[in-house]
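Here's the structure, in structure tokens; my notes come after.
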Amino acid sequence: MTQATSITLDVKGMTCQGCVNSVTKLVKRVDPDAKVAVDLPTGRLEATTQASAAALIEAINAAGYQARAA
Ligand SMILES: [Cu+2]
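See the structure below:
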């Protein structure tokens with residue numbers, strides 16, 4: 001088991017709470033145990049997770065948002 005780390009991403013393309021929920025679900029699909037906090041105005045996503053930043057970015061971008069390491 002790898003240790004959970006804190007990952008911060010900048011996510012563009014989120015416009016409403018529905019987007020926040022969608023992005024949160026995308027992260028949890030990669031790691032069901034992830035703790036996710038999204039700030040909609042800044043697009044800042046913070047996750048405590050065993051997943052890699054690259055895996056989260058790939059999942060989020062595949063859904064049509066633009067994520068990158070903050
Ligand atoms: Cu939305």
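1 is the number of the first residue of the sequence shown in the numbering used here; add one for each residue after it.
Glycine included, C-beta positions come from ideal geometry on N, C-alpha and C.
Note that the structure is predicted; figures quoted are calculated from it, not measured.
Cβ of residue i within 6 Å of any heavy atom in ligand 1?
i     : result
Thr15 : yes
Gly18 : yes
Is it true that the CB of residue j sits closer than 7 Å to the CB of residue i?
i     : j     : result
Val36 : Val27 : yes
Leu9  : Ala51 : no
Asp66 : Gly13 : The question names Asp, but residue 66 is Gln in the sequence shown. It is a contact, given that the beta carbons lie within the stated cut-off.
Val20 : Gly43 : no
Can you grab the Cα-Cα spacing for the pair residue i / residue j, in whole Å?
i     : j     : result
Ala34 : Thr15 : 23 Å
Ala59 : Ala47 : 14 Å
Ser22 : Val38 : 11 Å
Ile57 : Thr24 : 12 Å
Gly64 : Pro41 : 18 Å
Ala4  : Thr49 : 5 Å
Ala53 : Ser6  : 9 Å
message: Extract the residue ranges of the alpha helix (DSSP H) inside the stretch 11-58, only unbroken runs of 4 or more that lie entirely within it.
response: 17-30
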